[in-house]
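Following UniProt numbering, the numbering of the sequence shown begins with 1 at its first residue and continues without gaps.
Beta carbons: idealized from backbone N, C-alpha and C, even for Gly.
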Amino acid sequence: MIIAQYSFEWGSKIKQICALGSCFSNALKNFFLSSLYLVSGF
């Protein structure tokens with residue numbers, strides 16, 4: 001029982017970390033694209 005709860009908590013933590021990572025990479029990608037767009041605009 002304890003092991004199952006422990007693995008479940010770890011699973012939710014990993015999901016949170018993955019969500020944060022994808023959000024961060026998306027923000028980084030958007031920033032890179034917008035800066036590229038600005039540079040090419042000038």
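Alpha carbon of residue i to alpha carbon of residue j, nearest angstrom
| i | j | result |
| --- | --- | --- |
| I2 | S35 | 49 Å |
| K13 | Y37 | 36 Å |
| N30 | F24 | 10 Å |
| L20 | N26 | 10 Å |
| L28 | Q5 | 34 Å |
| G11 | F32 | 31 Å |
Any non-hydrogen atom of the ligand HEM within 7 Å of residue i CB
| i | result |
| --- | --- |
| Y37 | With respect to the ligand HEM, the structure offers nothing, as it holds no ligand at all. |
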